[in-house]
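Participant: With mature numbering (1 follows the signal peptide of the UniProt record, and there is no 0) applied, the sequence shown corresponds to residues -23 to -1, 1 to 302, in that order. Structure below; questions to follow.
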Amino acid sequence: MSNTIKHITVAAGVFCLFFTAHTQVSALAPGVEGRVVVEDTGAPIPGVWVRWEDSWGNSRYVQTDSEGKFFYISWQDRSVKRNVEFNTMVDTDLDGVEDSKLSSTNDRGYGCHQNPHSFTAVVPTGWQGSFTTVSGQLFSNVGFTYNVGDIYYQSAAVASECICETTEMTGSIAAGSTVDFTTVAFASDPDLARVDNISYNVNKDGVEIFQSGLTPVAERDDGKFQSTWSYTFPEENAQGSYNIKVNIGCLGKTAELMSPPVGLLGSLARSISAVFSPRGKLNPASVSNYQLAQSEESLKLGTFEPEQRNPDVNITCKKISFELE
């Protein structure tokens, strides 16, 4: 971290603490505004959801207006508005399924005590580009609205897209149990691109609780790519409504040739390319509604418990949803 950034961080922190101590109130959480536009033309993008994340892991969403502008009201505006955001589900990727709460918390957050902050927009389902991220935002304890500038939509870097073909889920859906996800994807034009990685995001009751990170993929004999990832449900407080998103990282062959072939720098370049790369489209042919196999009878404290059935699972190649009761 450069000395300049260190000085800015320290100054913002001191300013935050100074006002908190001298005004005898909690630190202010400011309002925030900005725009979402197309990088090449500057055209506004209406109707997309913008994600605000603070350093405590809290997240808020707001939708852009007809001019591509977005505005978050101050988190201190009134506690009733906090509760409204906390209890409101929205469809952030515009695929017809509500996947996240407007705010992941109704308690403290989004202020100078949660520095730094980042902002980005959620890529709607079917779009092949990506949005930039405005990161490292430092708030001080003042009452004015912060303008974080523009979030840019960048067009797809390659002419080929990576398509999610199938996702299968096996295992028992129960507290403490492990389920395995196997996903197969491919590039529509293998001469231009290939599947670089596959990742999974686990949401429970509208709040993201786990990220798989970039899982490695193996190329099969048929030219398609496959990845398997395992997730273990928590032992306690596992009950809830689960939505698991599957993300396909697509890497253009040109970008691959430019990346260092081995070592840490090569891995880093590949990861960055995957983050800002087009995503695969939903494959309607893979949609199904099925019930997993029954779990075996289990022995516990010397007694046999009744056989348990897994709940109904709604699964497409890029989204899995179910209720754990």
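For glycine and all other residues, C-beta sits at the position ideal for the given N, C-alpha and C.
Please check the pair Thr147 and Thr160, which I expect to be a contact at CB under 8 Å, by giving their CB distance rounded to whole angstroms.
Facilitator: What you label residue 147 is simply residue 170 of the sequence shown in a count that begins at 1. What you label residue 160 is simply residue 183 of the sequence shown in a count that begins at 1. No, Thr147 and Thr160 are not in contact; Cβ-Cβ is about 12 Å, not under 8 Å.
Participant: Pick out whichever of Ser132, Glu300, Cys227 and Lys222 has its Cα sitting closest to the Cα of residue 349.
Facilitator: As shown, the chain starts at -23 and ends at 302. That puts residue 349 outside it, with no answer to give.
Participant: For Glu300, count the other beta carbons within 10 Å of its own beta carbon; 16 or more makes it buried, fewer makes it exposed. Which is it?
Facilitator: Along the sequence shown, one-based indexing puts residue 300 at 323. Classification for Glu300: exposed.
Participant: Assign Phe121 to buried or exposed, taking buried as 16 or more other Cβ atoms, counted over all protein chains shown, within 10 Å of its Cβ.
Facilitator: Along the sequence shown, read from residue 1 onward, the residue named residue 121 stands at position 144. Exposed, since its Cβ has fewer than 16 Cβ neighbours within 10 Å.
Participant: I'd like the span of the beta strand (DSSP E) that includes Gly200, first residue to last.
Facilitator: As a working mapping, residue 200 is identified with position 223 in the sequence shown. Counting along the chain, Gly200 falls outside any beta strand (DSSP E), and DSSP gives it neither H nor E.
Participant: With H, G and I counted as helix, E and B as strand and the rest as coil, what does DSSP make of Cys89?
Facilitator: Indexing the sequence shown from 1 puts residue 89 at position 112. Note: Cys89 maps to helix in three-state DSSP.
Participant: Taking the alpha-carbon positions, what's the Val111 to Ala215 distance?
Facilitator: Residue mapping note: residue 111 aligns to position 134 of the sequence shown, counting from 1. Residue mapping note: residue 215 aligns to position 238 of the sequence shown, counting from 1. Approximately 33 Å between the Cα atoms of the pair.
Participant: Take Met66 as the anchor and find which of Ser77, Gly34, Arg85 and Asn60 has the nearest alpha-carbon.
Facilitator: Numbered from its first residue, the sequence shown carries residue 66 at position 89. Checking every option, the nearest Cα to that of Met66 belongs to Ser77.
Participant: Give every residue of the same chain whose Cβ lies closer than 6 Å to the Cβ of Ser298, excluding the five residues on either side of it in the sequence, and list them in chain order.
Facilitator: Looking up residue 298 in the sequence shown gives position 321. Asn220 and Asn291.
Participant: When the Cα atoms are used, what is the spatial distance from Pro101 to Glu302?
Facilitator: Numbered from its first residue, the sequence shown carries residue 101 at position 124. Numbered from its first residue, the sequence shown carries residue 302 at position 325. Answer to the nearest angstrom: the Cα atoms are 30 Å apart.
Participant: Shortest alpha-carbon distance to Ser207 belongs to which of Ala162, Asn178, Phe158 and Asn174?
Facilitator: Position 230 of the sequence shown, counted from the start, is the residue given in the question as residue 207. Here the closest residue by C-alpha is Phe158.
Participant: Is the beta carbon of Ser95 less than 7 Å from the beta carbon of Glu30?
Facilitator: Taking the sequence shown and counting its residues from 1, the one referred to as residue 95 is at position 118. Taking the sequence shown and counting its residues from 1, the one referred to as residue 30 is at position 53. Closer than 7 Å, so yes.
Participant: Rounding to the nearest angstrom, what Cα-Cα distance links Gly24 and Lys296 in this structure?
Facilitator: Counted from its first residue, the sequence shown places residue 24 at position 47. Counted from its first residue, the sequence shown places residue 296 at position 319. Computed Cα separation, rounded: 22 Å.
Participant: With respect to the beta strand (DSSP E) encompassing Asp166, which residues constitute its N-terminal and C-terminal limits?
Facilitator: To locate residue 166, count along the sequence shown from 1; it is residue 189. Premise fails: Asp166 is in no beta strand (DSSP E) and is neither H nor E.
Participant: When we look at the beta-carbon of residue 303 and count the other beta-carbons within 10 Å, is it buried (16 or more) or exposed?
Facilitator: The structure shown does not extend to residue 303, since the chain is modelled only from -23 to 302, so the question has no answer here.
Participant: Whether or not the segment 10 to 17 and the segment 124 to 134 are in contact is what I'm after, with contact meaning three or more pairs of Cβ atoms, one per stretch, closer than 8 Å; do they touch?
Facilitator: Yes, the segment 124 to 134 is in contact with the segment 10 to 17.
Participant: Three-state secondary structure (DSSP) at Val179?
Facilitator: Here residue 179 is taken as the residue at index 202 of the sequence shown, counted from 1. Val179 falls in the strand class under three-state DSSP.
Participant: Among Ile150, Gln53, Phe210 and Asn174, which has the Cα closest to the Cα of Asn224?
Facilitator: In the sequence shown, counting from the first residue as 1, residue 224 sits at position 247. The residue with the shortest Cα to Cα distance from Asn224 is Asn174.
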